[in-house]
Each structure stands twice: as structure tokens, then as C-alpha cells.
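A.B. asks:
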Amino acid sequence: ETLGIAEGANDSLTAISTAVSEINDLNLIIASAAQQQAHVAREVDRNLVNIRDLSAQSSSGAQQTSSASRELSTLALDLNNIVGRFRLS
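With this note's numbering applied, the sequence shown corresponds to residues 11 to 99, in that order.
1) Look at the alpha carbon of Ile15 and the alpha carbon of Ala29, and state the distance between them as a whole number of angstroms.
2) Which stretch, first to last residue, makes up the alpha helix (DSSP H) that contains Glu11?
3) Note down the Cα distance separating Gln74 from His49, rounded to an integer number of angstroms.
4) Tell me the DSSP secondary structure of Arg97 in three-state form.
5) Just the C-alpha distance for Asp21 and Gln47, rounded to the nearest angstrom, thanks.
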């Protein structure tokens with residue numbers, strides 16, 4: 011009877027050891043996945059910062075283009091007025 015109990019205890023300890031080993035393997039997989047997700051999150055953050063910066067540059071460029079267009083329009087009107095003063099003989 012004692013031998014049977016010892017064998018049962020041995021089997022139980024072996025099962026526990028196997029389960030702990032599997033849990034350790036799963037923990038490594040989870041840790042690796044968490045590191046990968048953290049890396050991806052940092053990449054997304056960097057890309058969002060780049061998008062924000064490019065959007066600001068684009069907005070600034072659009073404002074400069076608008077200002078230059080207004081200035082060109084004014085110059086075209088001035089040129090039209092000057093040309094209108096000349097009369098062909």
C-alpha cells in the first residue's frame with residue numbers, strides 16, 4: 011500500500027512538474043508577445059508624431075500658397091491697370 015501511495019505521489023509530482031514547465035513556456039510566449047506589442051505601439055506613436063508634424067508643415071505650406079496667390083492676384087490687377095493706361099496709336 012505504501013508503495014502505491016509513493017507511486018501516486020511520484021506521478022502527481024511529475025504531473026505538477028510538467029504543468030509548471032508548460033506554464034513557464036507559456037509565460038515566455040506571453041512575455042515575447044507583450045514585447046512585440048510594445049514595440050508596435052512605439053512605432054505607431056512615432057508614426058503619429060510624424061503625421062502630426064507633416065500635417066502642420068502641409069498646413070503652413072497651404073497658408074503660404076494662399077498668401078502668394080493673393081499677392082499674385084493683386085499684382086495681376088495692378089499690371090492690368092497699368093497696361094490699360096497705354097493706348098495704341
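No residue lacks a Cβ here, since even glycine has one placed at the ideal position from N, Cα and C.
C.D. replies: Well, looking at it:
1) 21 Å
2) Premise fails: Glu11 is in no alpha helix (DSSP H) and is neither H nor E.
3) 38 Å
4) coil
5) 39 Å
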